[in-house]
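Worksheet for the structure shown next.
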Amino acid sequence: DELSGAEADDREAVAAGVKVLLASERRRLGGTGGAGPWHASDAFQLDGERRLRRPVLVDGAPREVELVWAGGTFAVEVDGEPQPACDASELDWENGAGGFMPFGDEPVAEPTDQLTACVLHRLRHIEVSWPTYDADALEAGDASDLVKAPITGRVAKLHVAVGDEVEENQPVAVVEAMKMEHVLTSPRTGRIARLDYAEGEQVTEGAIILALEAEEAAS
8 DELSGAEADD REAVAAGVKV LLASERRRLG GTGGAGPWHA SDAFQLDGER
58 RLRRPVLVDG APREVELVWA GGTFAVEVDG EPQPACDASE LDWENGAGGF
108 MPFGDEPVAE PTDQLTACVL HRLRHIEVSW PTYDADALEA GDASDLVKAP
158 ITGRVAKLHV AVGDEVEENQ PVAVVEAMKM EHVLTSPRTG RIARLDYAEG
208 EQVTEGAIIL ALEAEEAAS
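In my numbering, the protein residues as written are 8 to 226.
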């Protein structure tokens with residue numbers, strides 16, 4: 008669905024909210040100062056530009072952002088549009104959770120809890136939050152069509168392409184994290200409808216890696 012004009016104008020605000028959430032997350036996980044890669048919450052890799060897609064909720068509506076680390080800078084892409092970059096050290100934020108954290112002249116953002124940030128932008132408030140995942144709801148819902156990342160890491164291997172027929176429990180992808188490989192299998196027999204990630208891309212826990220065609224469509 009196309010974004011409304013108001014949503015499109017709020018990309019900078021969404022980026023500010025994401026930065027605050029990441030800074031708050033790093034502080035909570037102890038990822039500031041001299042922490043090593045085992046403390047990182049951003050799918051550590053040794054060199055090169057690092058990209059990580061993460062789903063977010065903006066005023067309760069699902070959106071997707073891409074986090075980009077390159078040459079000591081950090082930026083957020085919203086709806087595929089790059090937003091102003093900042094020094095990556097700005098994510099090492101040690102102020103109190105109630106203090107405002109501005110990124111440039113505007114917008115202004117503050118975390119309200121571990122998963123949500125409030126952003127003031129052009130006299131409008133928006134909420135940016137990390138989505139939560141209910142395992143029981145997924146089991147009862149559309150989980151039989153989806154293969155999701157079990158952990159934050161890197162897509163090390165894709166064994167299938169769009170249109171391929173797969174059997175139940177057939178290996179379809181491998182996610183690598185902390186030098187451990189997690190083999191993901193098809194939840195049922197069917198046909199691959201889409202691939203949301205390519206080999207080498209970073210994923211967050213719960214991200215949809217691929218989806219099967221609905222059973223009525225595949226039959």
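Backbone N, C-alpha and C define an ideal beta-carbon position, used for all residues, glycine too.
| Asked | Found |
| --- | --- |
| Under the three-state DSSP convention, the category G207 falls into | coil |
| CA-to-CA distance, A22 to G67, given in whole angstroms | 16 angstroms |
| Inter-residue spacing [alpha-carbon to alpha-carbon] between L28 and Q209 | 19 angstroms |
| Assigned secondary structure, L28 (DSSP; H/G/I helix, E/B strand, else coil) | helix |
| Alpha carbon of M185 to alpha carbon of P157, nearest angstrom | 13 angstroms |
| Proximal residues to G105 (C-beta, below 6 angstroms), its chain only, five neighbours per side dropped | Low confidence applies here, because G105 scores a pLDDT of 40, under 50, leaving its location unreliable; read the following figure in that light. Around G105: no qualifying Cβ. |
| Spatial neighbours of G170 in its chain, beta-carbon cut-off 8 angstroms, leaving aside the 5 residues before and after | R198 and I199 |
| Of the residues Q177, Y204, R58 and V181, the one placed nearest L74, counting alpha carbons only | R58 |
| T211 burial status per 10 Å Cβ neighbour count (16 or more: buried) | buried |
| One or two residues paired with S136 in a DSSP bridge | L64 and T123 |
| R70 versus R201: straight-line alpha-carbon distance, rounded | 18 angstroms |
| Whole-number beta carbon distance between R18 and A214, since they are thought to touch under 8 angstroms | Incorrect: roughly 21 angstroms between the Cβ atoms, too far for contact. |
| Residue of W137, A221 and V72 minimising C-alpha distance to N31 | It is worth fixing the name first, because residue 31 is Ser in this sequence and not Asn. Ranking W137, A221 and V72 by Cα distance to S31 puts W137 first. |
| CB-CB length for V179 against E188, believed under 8 angstroms | The pair is not a contact, with the Cβ atoms about 14 angstroms apart (cut-off 8 angstroms). |
| Limits of the unbroken beta strand (DSSP E) element including L130 | That residue, L130, is in no beta strand (DSSP E); it is neither H nor E in DSSP. |
| Pair within 7 angstroms by beta-carbon distance, V85 and V65 | no |
| Cα-Cα separation between R161 and G207, rounded to whole angstroms | 6 angstroms |
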